[in-house]
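Residue 294 in the UniProt record's numbering is what sits at position 294 of the sequence shown, and the numbering runs on without skipping anything. Just so it is clear, CB atoms sit at the ideal spot from N, CA and C, and this is done for glycine as well. Please read these numbers as outputs of a predicted model, since none were measured by experiment. Note sheet for the following structure.
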Amino acid sequence: MDATAILSAIACDEQALGFMEHVTRHVSSVQDYVLQLLLEANAGTDYFQRHGLHGIPTKEEFRRLLPITTYSDMEADFQRLADGDESKTICAARVLEMLTSSGTSGGKQKLFPKSPSYDQEFVALNRVARAALNKKAPYASRGKSLQFFYVRKPGITSGGVTTTSGLSGYFTSPAFRQRKLDPESGYTSPDQVILCVDYQQASYCHLLCGLTQSQEVVSIGAAFASTLVRSLKALKDLWQELCVDIETGRVNDNIVSDLSVKHAVNALLKPDPKLAALVRRECSKSNWRGIVRRLWPRARIIQAIVTGSMQQYVPAIDFFSDGLPIASSIYASSECSTLGVNLSPVCSPYDVRYSPFPCFVYYEFLPVSSSSSSSPSRDDLVQLAEVELGREYELVITTRAGLYRYRVGDVLKVVGFKNSMPQFSFVGRAGVLLSVDTDKTDEVELHTAVTTAAAVMAKRNRGDVRLLDYTSRVNLSSQPGHYVVYWELSLDAAMESMEAELRKCCSVMEESLSVVYRRNRREGSVGALEIKVVEPGTFDRIVDHVVFVGQGSIGQYKTPRCARDPAVLRILESSVVESSRAR
């Protein structure tokens, strides 16, 4: 479907919700029409001909002849596009940009072709998400939003093709720059701050602009929960400088050197000693619980993605916001900007369900029992209208940009229906994180074990000890090998015996892992799990390193749940302050 036409059809909230009501009632026919358009658009490509598809393929030919693919299957084609190949390699449209994902392949960041309509499609998804949020929480649009958005400097391939993250590409696109501005709502930060590629300057200015307009802010958020928590933690280090700027009405020249950013922020400021005194009073208190409500008294909702690995940041957001509702509105990726929308966004962060946005991508689903096979059959794939309640599937997509029957790697569970449209909860990423022998621990199992142990620790310490972030690795330097889990903790009070407490947590984690892991532990083929506590700020230093070496952007970064980068491991190991192992 044409993104421009859909945007015209969903210009207001009522139209957007009516549109979603229509497509959720006609899932099968909408998906058939989308597939037909995708096949027509890319007819005659090298990829189609390579697999015996000539002319405009039919749906039956598509399902019979095109294989299920992974990144390794498509990498050579993607690289040709990155090298500047203008032939119809995998898609008919000329590729001018490649999108970088948060994952890697063979030590290199993954690159995906960006379709010309990617940004407009993202706008359409967000318009529906905004309409759903306004229906459930009308107050969310009755004021300004403090959003911690960050972009990174785009790269250029040897073939002259621009590389950027999905979010950075959107914020620098005409779709964002030419949006309609509303002085009564919109963002607290001017575009110059959002587009600033220096994270330190952008973070400081987001906070400064948000504080100076604190009486107008009704929502606070970021693309991911981790980014929001990191930005709020920065307030602890910067509040004194921020107070000086609020008091004088001028931004600190020693912190903000970008002239366009400085001029835009100074245009918003005016001396406000009363506000500066309030910020000093609140930020100088030892207890930062509810700091969001205290500094932004009209804030009514938090907006951030909190599904999958982002769930671990929910307790920190609850701590800072004193329990403000969290809206996790959209589901998107570098591979596709419009995977799903949460039509009931004001819900528990543990009950988020996404309805696929069926207008730009063709969905198929691989049952988890089949996806674990080394070579799943295309006959195992089911269509969007065929999934079953309660079952888990790996997401497979076909897009206009040349991803055909592509395994995204996300595992989804069918948890309900909106009319005939399935609704999914995000389970996690497919694949194994940790393995020593025949044990195979994935991200979901690890996350469950970590959060179970952290909850036990918090209960035993009356909530004075909280888990802020974690990652893991396998240590094979001794026999038998064992799991190592790195924790960064917030210690509001000293634990009586950290070593004994950590040993207890190690045991709780092991009991939470799979039956195969526990069997191998009993039989001695896997050694005792180890927890290493790192000093405060360690995971922030890892983010700074990743951004500095150009492996990711601050707004897109997600903590890897298994650390394999030698430089990251050096940061972790050099920051260890305490450790203990299960008995």
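Residue i to residue j span [Cα, whole Å]
i, j, result
"Val361", "Arg400", "7 Å"
"Ala137", "Val346", "7 Å"
"Gly390", "Phe424", "9 Å"
"Gln15", "Thr4", "15 Å"
"Val533", "Ser478", "20 Å"
"Ile255", "Tyr204", "8 Å"
"Gly402", "Leu228", "33 Å"
"Pro536", "Ser490", "8 Å"
"Ser219", "Asp182", "15 Å"
"Asn194", "Ala124", "What sits at residue 194 in the sequence shown is Ile, not Asn. Looking at the two C-alpha atoms, the distance is approximately 21 Å."
"Ser507", "Ser497", "16 Å"
"Arg177", "Gln36", "32 Å"
"Ser457", "Val432", "In the sequence on display, residue 457 carries Met and not Ser. Going from the Cα of Met457 to the Cα of Val432 covers about 26 Å."
"Ser115", "Ser257", "35 Å"
"Ile10", "Ala41", "24 Å"
"Gly416", "Pro356", "12 Å"
Of the residues the options, the one placed nearest residue i, counting alpha carbons only
i, options, result
"Glu97", "Leu569, Thr69, Pro154 and Arg127", "Pro154"
"His581", "Thr538, Ser553, Gly527 and Cys562", "Checking the sequence, you will find Arg at residue 581 rather than His. Comparing Cα-Cα distances from Arg581 to each of Thr538, Ser553, Gly527 and Cys562, the minimum goes to Gly527."
"Ser514", "Ser579, Arg462 and Ser435", "Ser435"
"Gln200", "Ser173, Ile291 and Arg152", "Arg152"
"Val547", "Arg521, Val568, Val229 and Arg564", "Val568"
"Glu443", "Gln312, Arg230 and Thr45", "Gln312"
"Ala43", "Thr58, Tyr33, Lys459 and Ala223", "Thr58"
"Gly84", "Ala500, Val508, Gly308 and Ser158", "Ser158"
"Leu295", "Leu242, Val251, Ser333 and Arg407", "Leu242"
"Val516", "Thr438, Glu488 and Ser490", "Thr438"
"Arg25", "Thr452, Arg466, Gln303 and Ala385", "Ala385"
"Ser321", "Lys459, Leu232 and Phe19", "Leu232"
"Ser328", "Leu343, Gly143, Ser334 and Thr45", "Leu343"
"Gly169", "Lys144, Val128, Asn134 and Glu121", "Glu121"
"Ser309", "Tyr47, Pro480, Arg94 and Phe426", "Phe426"
"Glu364", "Arg405, Ser334 and Ala223", "Arg405"
"Ala225", "Gln551, Met509, Leu468 and Ile571", "Leu468"
"His545", "Gly55, Leu572 and Asp253", "Leu572"
Residue i burial status per 10 Å Cβ neighbour count (16 or more: buried)
i, result
"Asn475", "exposed"
"Asp379", "exposed"
"Arg353", "buried"
"Val577", "exposed"
"Tyr139", "exposed"
"Glu445", "buried"
"Glu530", "buried"
"Tyr350", "exposed"
"Ile6", "buried"
"Leu395", "buried"
"Glu184", "exposed"
"Thr100", "buried"
"Asn520", "buried"
"Thr398", "buried"
"Ser575", "buried"
"His206", "buried"
"Gly18", "exposed"
"Lys180", "exposed"
Same chain, Cβ closer than 6 Å to residue i, five either side skipped, listed in chain order
i, result
"Leu325", "Note that residue 325 corresponds to Pro in the displayed sequence, not to Leu. Ile301 and Val346, listed in sequence order."
"Gly409", "Arg429 and Ala430"
"Asp565", "none"
"Gln147", "Tyr187 and Gly221"
"Phe319", "Arg289"
"Ala332", "Leu339"
"Asp77", "Thr89 and Ile90"
"Gln192", "Ser260, Val261 and Ala264"
"Ala454", "Leu467"
"Met1", "Cys359"
"Ile305", "Phe224 and Ser328"
Contacts around residue i, its chain only, beta-carbon distance under 8 Å, and the 5 residues preceding and following it disregarded
i, result
"Gly106", "Annotation note: pLDDT 49 at Gly106 (below 50); position unreliable, coordinate value reported separately. Taken in chain order, the list of residues that qualify is empty."
"residue 633", "Nothing can be reported for residue 633: it is not among the residues displayed for the chain, which extend from 1 to 583."
"Leu268", "Pro190, Cys209, Thr212 and Gln213"
"Tyr470", "Gln312, Val450, Val485, Tyr486, Trp487, Glu488, Thr559 and Arg561"
"Asp13", "Arg130, Ala131, Asn134 and Lys135"
"Arg407", "Ile68, Thr69, Thr70, Leu366, Ser371, Glu394, Leu395, Val396 and Ala430"
"Arg142", "Ser185 and Val218"
beta-carbon residue i near the ligand COA non-hydrogen atom, thresh 7 Å
i, result
"Glu40", "Only the bare structure without any ligand can be found here, which leaves the ligand COA out of the picture."
Proximal residues to residue i (C-beta, below 7 Å), its chain only, five neighbours per side dropped
i, result
"Asn266", "Arg250 and Val251"
"Thr448", "Ser512"
Any chain D beta carbon closer than 8 Å to residue i
i, result
"Glu216", "Structure shown: chain D not included; a single protein chain is present."
Completely contained beta strand (DSSP E) runs for the region 182 to 258, where each covers 3 or more residues
As far as the region 182 to 258 is concerned, its whole beta strand (DSSP E) runs of at least 3 residues are 217 to 224.
I'd like the ranges of any alpha helix (DSSP H) spanning at least 4 consecutive residues and lying wholly in the region 56 to 108.
You should have 59 to 65 and 71 to 82.
Kindly provide the ranges of any beta strand (DSSP E) runs that are 3 or more residues long and lie completely inside the region 101 to 158, ordered along the chain.
Secondary structure remark: continuous beta strand (DSSP E) runs of at least 3 residues inside the region 101 to 158, in chain order: 108 to 113 and 144 to 147.
Contained alpha helix (DSSP H) runs [length at least 4] in the UniProt domain "GH3 C-terminal" (445 to 566), N- to C-terminal order:
Those alpha helix (DSSP H) runs which fall completely within the UniProt domain "GH3 C-terminal" (445 to 566) and span 4+ residues are 498 to 512, 515 to 523 and 538 to 548.
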